[in-house]
Amino acid sequence: MIAVDTSALLAIALGEPEAQIFLAVLTREDCILGTPTALEAHIAVERRGEPDATDILRKLMTLSNLTLLPFTAAHSFIAQRAFDRYGKGRGHPASLNFGDCLSYAVAKRDDLPLLFKGNDFTKTDLVPAVSLQS
Numbered sequence: 001m002i003a004v005d006t007s008a009l010l011a012i013a014l015g016e017p018e019a020q021i022f023l024a025v026l027t028r029e030d031c032i033l034g035t036p037t038a039l040e041a042h043i044a045v046e047r048r049g050e051p052d053a054t055d056i057l058r059k060l061m062t063l064s065n066l067t068l069l070p071f072t073a074a075h076s077f078i079a080q081r082a083f084d085r086y087g088k089g090r091g092h093p094a095s096l097n098f099g100d101c102l103s104y105a106v107a108k109r110d111d112l113p114l115l116f117k118g119n120d121f122t123k124t125d126l127v128p129a130v131s132l133q134s
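Residue numbers (UniProt numbering): 1 to 134.
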């Protein structure tokens with residue numbers, strides 16, 4: 001089981017270079033996605049105004065091995081602690097934003113690897129679901 005961050009979903013929907021790697025993981029592994037992260041991905045894709053990307057994201061949300069996870073009070077507490085430790089403006093090189101803290105909480109609560117794009121989460125205590133050289 002792995003947790004999924006918005007950045008991985010956007011990479012797939014927008015056809016970024018890592019798209020095929022992330023899609024392979026999403027279709028092969030059991031995945032969980034926090035409901036706020038699903039909304040964040042939707043908003044990010046809609047803002048770009050690319051209908052194809054919106055369609056791809058909608059299809060990803062229907063994968064049988066992708067579970068949308070309700071965000072609980074426990075997740076909120078973990079996300080708050082993530083911000084306190086790794087958040088933007090806190091002096092830590094991870095510099096997690098709001099959405100990052102939500103994904104962090106989903107992964108951290110169940111000690112799951114996280115599927116993400118970028119280097120921010122590599123500076124936290126989470127385990128990456130895949131290792132990409134940037």
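Glycine included, every Cβ here is placed at the ideal spot set by N, Cα and C.
Keep in mind it's a predicted model, so treat the numbers as computed, not measured.
- Secondary structure in the stretch 61-110: the alpha helix (DSSP H) runs of 4 residues or longer, each lying completely within the stretch, are 73-86, 98-109 in chain order.
- Within the same chain, and ignoring the five residues on either side of residue 79 in sequence, the residues whose Cβ sits closer than 8 Å to its Cβ are 101, 102, 104, 105.
- Residue burial annotation: residue 43 is exposed, with fewer than 16 other C-beta atoms found within 10 angstroms of its C-beta.
- Look at residue 39 here: in three-state DSSP terms it is helix.
- Here the stretch 12-25 lies against the stretch 106-117, with 3 or more beta-carbon pairs under 8 Å apart.
- For residue 25, the uninterrupted alpha helix (DSSP H) run begins and ends at 19-28, by DSSP.
- For residue 3, there is no enclosing alpha helix (DSSP H); the enclosing beta strand (DSSP E) covers residues 2-4.
- For residue 34, the beta-bridge partners assigned by DSSP are 69.
- DSSP, reduced to helix, strand and coil, places residue 51 within a helical segment of the structure shown.
- DSSP links residue 115 through a beta bridge to 4.
- Residue 13 is positioned such that its CB atom lies closer than 7 Å to that of residue 57.
- Here residue 32 is not near residue 129, since their CB atoms are 7 Å or more apart.
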